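Participant:
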Amino acid sequence: MISFLKQNRWTLLSLILIIPIGFYSKFYKGPVHVWVNDSLGGAFYEIFWCLLIFLFLNNVAPWKIAIAVFSITCGLEFLQLWHPPFLELIRSNFIGRTIIGTSFVPSDFIYYVVGSLIGWIWLVLLKKHRRCFIIVK
3 MISFLKQNRW
13 TLLSLILIIP
23 IGFYSKFYKG
33 PVHVWVNDSL
43 GGAFYEIFWC
53 LLIFLFLNNV
63 APWKIAIAVF
73 SITCGLEFLQ
83 LWHPPFLELI
93 RSNFIGRTII
103 GTSFVPSDFI
113 YYVVGSLIGW
123 IWLVLLKKHR
133 RCFIIVK
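Residues 3 to 139 (my numbering) make up the sequence shown, in order.
1. Alpha helix (DSSP H) containing Tyr47: first to last residue?
2. Around the Cβ of Phe72, are there at least 16 other Cβ atoms within 10 angstroms (buried) or fewer (exposed)?
3. Is it a yes or a no for the stretch 52 to 59 touching the stretch 115 to 125, going by three-plus beta-carbon pairs under 8 Å?
4. DSSP three-state call for Trp122: helix, strand or coil?
5. Excluding five sequence neighbours on each side, which residues of the same chain lie with their C-beta closer than 6 Å to the C-beta of Gly98?
6. Would you kindly work out how many angstroms separate the C-alpha atoms of Leu57 and Leu81, rounded to a whole number?
7. Count the other C-beta atoms from every protein chain shown that fall within 10 angstroms of the C-beta of Tyr113, then say buried if there are 16 or more, exposed otherwise.
8. Helix, strand or coil for Ser109? Go by DSSP, reduced to three states.
Quick look at the structure:
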């Protein structure tokens, strides 16, 4: 366990940073709050999933993780066009709405692209840092 924490400390710190930022974007009430609440949060969502997957699959190429996260998120966006009872049950609480969304918004794809690109860059930097740490160690 200590080895896992030590090897992944920067990824864990990144998650500790991005999770509250992502949740805060859902509750932000300042200037342009509608944009922050409804759109910008999509970028944080992508970054979060890239980091979470990298935490457990750090041997996978960052671009593959970013593409997978983007593809799955796009699938979830289209799933918002479908409203069967079991999905409505999931969407009936905050976490469900946060994970699978409630309504299809085509402009969200822009934020998914931006978030996936930032996530990819973030993972590349984490991977470089990790390689340097292993070599120095």
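Backbone N, C-alpha and C define an ideal beta-carbon position, used for all residues, glycine too.
Computed from a prediction, not measured in an experiment: that's the story for all the values here.
Facilitator: Taking the geometry as given:
1. In this chain, the alpha helix (DSSP H) harbouring Tyr47 covers Gly43 to Phe58.
2. Phe72 should be labelled buried.
3. Counting Cβ pairs under 8 Å, three or more are found: they touch.
4. Here Trp122 sits in helix by DSSP.
5. Apart from the 5 residues on each side of it in sequence, Gly98 sits with its Cβ closer than 6 Å to the Cβ of Ile92 in its chain, given in chain order.
6. Here the alpha carbon of Leu57 sits roughly 27 Å from the alpha carbon of Leu81.
7. That one is buried.
8. Of the three classes helix, strand and coil, the one that applies to Ser109 here is coil, per DSSP.
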